[in-house]
Amino acid sequence: MAALNLIEPISRKAATMRSVCFIIVCVLVQGLESAILYEDQVEIAGHEGQCYDKERITFYNEGDVMRVEETDCTQKNCLGYNSGTGKIRIQILTCPTVQAGPGCIVVQNKTLPYPGCCPQIIEDQSFDQRLLYCQSERQKSE
Numbered sequence: 001m002a003a004l005n006l007i008e009p010i011s012r013k014a015a016t017m018r019s020v021c022f023i024i025v026c027v028l029v030q031g032l033e034s035a036i037l038y039e040d041q042v043e044i045a046g047h048e049g050q051c052y053d054k055e056r057i058t059f060y061n062e063g064d065v066m067r068v069e070e071t072d073c074t075q076k077n078c079l080g081y082n083s084g085t086g087k088i089r090i091q092i093l094t095c096p097t098v099q100a101g102p103g104c105i106v107v108q109n110k111t112l113p114y115p116g117c118c119p120q121i122i123e124d125q126s127f128d129q130r131l132l133y134c135q136s137e138r139q140k141s142e
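Going by full-length UniProt numbering, the first residue of the sequence shown is number 1, and it counts up by one from there.
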């Protein structure tokens, strides 16, 4: 019985280490960058330096957040006049593409404003980590 007590803490420690490694893998997979796109518009007379949102029929000043799209989780920002292109520039921020590895799942809450609505990778609590450990041990022995 004494040997069992010595083995049990080691086993618990190994399980904890596997959990920590597992969470790190989930976080590493999530560390992808979001895309930043640009849209150039022709300047509209009487609204020099302003961005125009044709869907909302609204003008925005340089530095304004034009809108946040809940449906596709993006944000548009008015950057104003771009001397390089001679046009009005709008910045469009999008979420990164994420892919969950074994034992991780992708969750997304589109009711939150950008970037909170972007997909997140979390540990799948229902995933049996012992299966992953057994598979890796089996591969080592082959």
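Ideal Cβ positions, reconstructed from N, Cα and C, are used throughout, including at glycine. Note that the structure is a prediction, hence the values are computed from the model and not measured.
Quiz item: Can you round the beta-carbon distance between T74 and T94 to whole angstroms, since I take them to be within the 8 Å contact cut?
Solution: Within the sequence shown, the letter at position 74 stands for residue 74. Within the sequence shown, the letter at position 94 stands for residue 94. That pair is a contact at about 5 Å.
Quiz item: Is the number of C-beta pairs between the segment 80-87 and the segment 95-112 that are closer than 8 Å three or more?
Solution: For the pair of segments examined, the segment 80-87 was found not to touch the segment 95-112: the number of CB pairs separated by less than 8 Å stays below three.
Exercise. Give me the Cα-Cα distance between C78 and S126, rounded to the nearest whole angstrom.
Key: Here residue 78 refers to the residue found at position 78 when the sequence shown is read from its first residue. Here residue 126 refers to the residue found at position 126 when the sequence shown is read from its first residue. Cα to Cα, C78 sits roughly 44 Å from S126.
Practice problem: Could you check what DSSP says for L93 in three-state terms: helix, strand or coil? | Solution: Here the question's residue 93 lines up with position 93 in the sequence shown. Strand at L93.
Quiz item: Can you tell me whether DSSP reads Q41 as helix, strand or coil?
Solution: Translated into the one-based positions of the sequence shown, residue 41 becomes position 41. Reduced to three states, the DSSP call for Q41 is strand.
Practice problem: Out of R67, I44 and Y81, state which residue places its alpha-carbon closest to the alpha-carbon of P115. | Solution: Along the sequence shown, one-based indexing puts residue 115 at 115. Comparing Cα positions, the closest option is R67.
Self-check item: Under the three-state DSSP convention, the category G80 falls into
Solution: By 1-based counting over the sequence shown, the position of residue 80 is 80. Strand at G80.
Self-check item: 7 Å Cβ shell around I36 - same chain, five flanking residues per side excluded
Solution: Position 36 of the sequence shown, counted from the first residue, corresponds to residue 36. Cβ within range, chain order: Q91 and L93.
Exercise. Classify V72 as helix, strand or coil using the three-state DSSP reduction.
Key: As a first step, residue 72 must be located in the sequence shown, where it is residue number 72. The sequence given here has Asp at residue 72, not Val. When DSSP states are grouped into helix, strand and coil, D72 belongs to the coil group.
Quiz item: In terms of residues, what are the limits of the beta strand (DSSP E) holding I105?
Solution: Within the sequence shown, the letter at position 105 stands for residue 105. Run containing I105: C104 to V107, per the beta strand (DSSP E) assignment.
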